[in-house]
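Asks: My questions will all concern the structure given below.
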Amino acid sequence: MKRFIILAQSDVTALAIESCLIMAGVDINQDCCIQFTPQLVDDAGVGDYKMLVDKMECLMADKDNGRLCDTTILVDSIHPNDLHVVSTSCNWGNLVAMLILTFPEVRWLFGVIHHPEITLFKEHNLTKIFSGTFRDPLLDPTGLRNWVREKTNEAIVNHLKEDLILPFRHSNRLAAAIDDEHYFAYFNAYIAYRFGCRADVITSWQIMEDLFIPKNPGYMTYHPYWLLLEDMSLNFPDRPADMHLSNLKDRAEQCKLLGYADKTADQSTHRILVTGQSRPGDHTLAENREYLRRHKKGSPRIVYKPVSGMFDLWGQIGLLRKKTKTKRTGNVDWFKWPPDRPGKNEGQGNQEDRKRIIGHGTTGKLLLVAETLIHRAEAMRVDSITTVERVLLCAVMATDALELTGGRTPTTAIEALSLKHRFEVMMECKFLGNEYNIHVKERFQEIEFDLKRITIWAHRRMRRLTAMNAKMSIIVRIMRIFREYGQFDEEQLCLKHTRTLNRRLFFAKHPHLSFLHPVRWYIDKLIGSISLLVTAIVVWPVLLGSLMELLGTSWGKSEAMTLVDHITNAFYMFIAQSPANFPQGFWAHMFTFGVSLIGIVHFGIFIAYLYNLFYRR
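Take the sequence shown: its position 57, counted from the start at 1, is 44 in the working numbering, and no numbers get skipped.
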């Protein structure tokens, strides 16, 4: 169901926008056209913001509709330079900016745009309601949310004199996921977004035509995408019947900007063909591989479906690595997350200004927007999410909330981080385009890396404990999702990781018991690895039997015992809990007791592991 919401500063401008909608053929009653005229009362706009968020959430709530992108918000006028979230007054641009960040899934159009020469806002002009093409706004392909972040960064430095810098996605790192299957397109595009790209989701021929066919055939231009994730078989429902797009050469003839005939056309650095199995006797895949090899500079690759989750796909593309200009493994250039250490972004000026510029905590309105995003994501989770697209929307809201905190409000940042990874894991489990087994070790490393930067703002004595507690809490919640979806191996990896964290926490709080740490470490290792456990069951009797031979331990046997006899005796005690011969002397009794005790521990762990294995499977 389409929804059109009008935000206007007066009734006159609201009626003008409504007239434009009628001219565009919009049924005002059927398409749920609602008008809001904020009062801009003297509370810095917070009251209007909360009122609008509540009303818009009620309008957009549709449990019967699992799809996204059905809401358009039309604003009467805007000053682009006022679109920031730092203001202590009742500012119209400030209010609109907060709403833009709060509702990433809606389309924003503006009637009067002061400074219309700004290229970005040509994509958000009110005249777009007469256009049939529609770019999904969820992953910020036009850069509107990016614009708000950049203007907010400027306001933070110039007005608040703080060194907080919100991460933004550079215009040179734009991605596009092209697929006729919506779930694949959204999944692939979100992976690019989480690692620092703005992304287009292209699921129709109409959008392909708009983005990859030059408007003026006589003037060749180029597309802006740095990363292209393309399916090989593009059977768009609106594609002409006689058009074939599986062969990249044929695709380039239809979409000139994807071809190599002109050097200014396809300038993507990473062109990735994501495909499944080809038909027997079909040479299209081989031809496409040769086409990429011969004609494309950069890093063209072919990735085969299915993949083992987000980190696996990003790794197969060749981007899951740490670059010199980035902090976290997998981040694209210029995407700075997690944030720098306090005081690093000090800007310019004299020494006194640099000392004063360091702030603590997240700016009030940024924190309000982040908390609202978390609330919206949590509310959708409680309402039992049913589609991959809805999970992806929640993941985007949690990701944006985390980035808006700048890591400077640890509790809110940790909550957002937890939600982000839970929704991503849920997406990986729900999406049947993935393999059964999912990569999780990279996710653990990323969580730990982010938490180190977030907990910098905690007291220095509590940073390590806070990070470990938060990581254990996040992984336990992820483990519950794996258990719900029957991902046994991933659940075991989570259990193994939580045991390690629990051990470290225990000895961090009880340093006087540190002498027991090796024992606890050894038991945790055995519980987490069946191969190590079986090896230990074999090795222990051999070692203990050899030690008995060296000490000359005597047993109830007339003839002298050889090394083999001692090892055999140790196996009896280890497995059957009873020696083959009665012990003679002090050392023999001690060995009987010790070997039996060690055997009980190992076989107890072994039986527990087998029970858990068969019970879960």
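Heads up, the beta-carbon is just placed ideally off N, CA and C, and yes, glycines get one too.
On the three-state DSSP scale, how would you describe A48?
Replies: In this structure, A48 counts as coil in the three-state DSSP scheme.
Asks: Which residues share a DSSP beta bridge with F97?
Replies: Bridge partners of F97: V62, N112.
Asks: With DSSP as the reference, label S541 as helix, strand or coil.
Replies: Looking at S541 - three-state DSSP - the assignment turns out to be strand.
Asks: Could you compute how far the alpha carbon of Y247 sits from the alpha carbon of V290?
Replies: Whole-angstrom Cα-Cα distance: 21 Å.
Asks: Quick one, are the C-beta atoms of T392 and A382 less than 8 Å apart?
Replies: Result no, Cβ atoms of T392 and A382 do not sit closer than 8 Å.
Asks: By the DSSP assignment, the alpha helix (DSSP H) with L260 in it spans what residues?
Replies: First-last for L260: 257 to 262, but that is the beta strand (DSSP E), not the alpha helix (DSSP H).
Asks: Report back the beta-carbon spacing between R409 and I465 to the nearest angstrom; my notes put them in contact at under 8 Å.
Replies: Sure, about 6 Å apart at Cβ, within 8 Å.
Asks: Using the beta-carbon count (16 or more within 10 Å), is Q175 buried or exposed?
Replies: Per the sequence shown, residue 175 should be read as Asn rather than Gln. It counts as buried.
Asks: Would you mind reading off the limits of the beta strand (DSSP E) that contains T189?
Replies: Reading off the sequence, residue 189 comes out as Ile, not Thr. 185 to 189 is the span of the beta strand (DSSP E), which, as asked, contains I189.
Asks: Can L96 and N112 be called in contact, C-beta distance under 8 Å?
Replies: Yes, these two residues count as a Cβ contact at 8 Å.
Asks: What does the Cβ neighbour count give for N424, buried or exposed, with the cut at 16 atoms within 10 Å?
Replies: With fewer than 16 other Cβ atoms within 10 Å, it is exposed.
Asks: For R288, write down the residues that DSSP places opposite it in a beta bridge.
Replies: In DSSP, R288 forms a bridge with I259.
Asks: As a quick exercise: from H102, K483, P397, L500, pick the residue whose alpha carbon is nearest that of M459.
Replies: Measuring from the Cα of M459, the nearest candidate turns out to be K483.
Asks: Since I believe G305 is in contact with S286 (beta carbons under 8 Å), could you give me their beta-carbon distance rounded to a whole number of angstroms?
Replies: That pair is a contact at about 6 Å.
Asks: Using a 10 Å radius around the Cβ and a threshold of 16 neighbouring Cβ atoms, would you call H270 buried or exposed?
Replies: Exposed, because fewer than 16 other Cβ atoms sit within 10 Å of the Cβ of H270.
Asks: Rank H589, A357, L216, L406 by C-alpha distance to the C-alpha of T396 and give the top, closest one.
Replies: Answer by Cα proximity: A357.
Asks: Could you compute how far the alpha carbon of T485 sits from the alpha carbon of D187?
Replies: Roughly 37 Å between the two C-alpha positions.
Asks: Note the first and the last residue of the continuous beta strand (DSSP E) segment covering D218.
Replies: Residues 214 to 218.
Asks: Identify the continuous beta strand (DSSP E) that holds A162 and give its terminal residues.
Replies: Element bounds for A162: 161 to 165.
Asks: Which residue from I562, A48, E110, Q193 puts its Cα closest to that of K167?
Replies: The displayed chain sequence assigns Asp, not Lys, to residue 167. Per the Cα distances, Q193.
Asks: Who are the near neighbours of F494 in its chain, counting only those whose CB is closer than 6 Å to its CB and skipping five residues on each side?
Replies: So the list reads S501, H504, once near-sequence residues are dropped.
Asks: I believe F182 touches G317 by the beta-carbon criterion, under 8 Å. Please report the beta-carbon distance rounded to the nearest angstrom.
Replies: Rounded, the Cβ-Cβ distance is 5 Å, consistent with contact.
Asks: If you follow the alpha helix (DSSP H) that P397 is part of, which residue opens it and which one closes it?
Replies: P397 -> alpha helix (DSSP H) spans 397 to 417.
Asks: Starting from the C-beta of D299, find all residues in its chain whose C-beta is less than 6 Å away, skip the five residues before and the five after it, and write them out in chain order.
Replies: H426, listed in sequence order.
Asks: Using a Cβ-Cβ cutoff of less than 7 Å, which residues in the same chain neighbour S541 once the five nearest sequence positions on both sides are dropped?
Replies: Q571, G572, A575, listed in sequence order.
Asks: So G586 and F561 are supposed to be a Cβ contact under 8 Å. How far apart are they, rounded?
Replies: Right, the Cβ-Cβ distance comes to about 4 Å (below 8 Å), so this counts as a contact.
Asks: Which of the three DSSP states is assigned to P570 in this structure?
Replies: Strand.
Asks: Taking DSSP's pairing of strands, which residues face V294 in a bridge?
Replies: Beta-bridge pairing links V294 to N421.
Asks: Take the Cβ of N145 as the centre, count every other Cβ of all protein chains shown within 10 Å, and call the residue buried at 16 or more, exposed below.
Replies: Exposed, by the Cβ-count rule.
Asks: Comparing C-alpha positions only, which one of R122, L151, P124 sits nearest to R136?
Replies: Of the listed residues, the one whose Cα sits closest to R136 is L151.
Asks: Which whole-angstrom value is the C-beta distance of P566 and R440, which I expect to be below 8 Å?
Replies: Going by Cβ atoms, the distance from P566 to R440 rounds to 57 Å, so no, they are not a contact pair.
Asks: Just curious, the alpha helix (DSSP H) that F552 is in, first and last residue?
Replies: According to the sequence displayed, residue 552 carries Asp and not Phe. Per DSSP, D552 belongs to the alpha helix (DSSP H) from 550 to 558.
Asks: Just to confirm my understanding: we take E196, look at its own chain, exclude 5 residues before and 5 after, and list those with CB closer than 7 Å. What are they?
Replies: Answer for E196: no residue qualifies.
Asks: Should Y36 and L88 be called a contact, given that it needs their Cβ atoms to be closer than 8 Å?
Replies: Their beta carbons are not under 8 Å apart, which means Y36 does not touch L88 by this criterion.
Asks: Leaving out the 5 sequence neighbours to the left and right, which residues in its chain are closer than 6 Å to H71 when beta-carbon positions are compared?
Replies: The answer, listed in chain order, is A84, K138, T139, A142.
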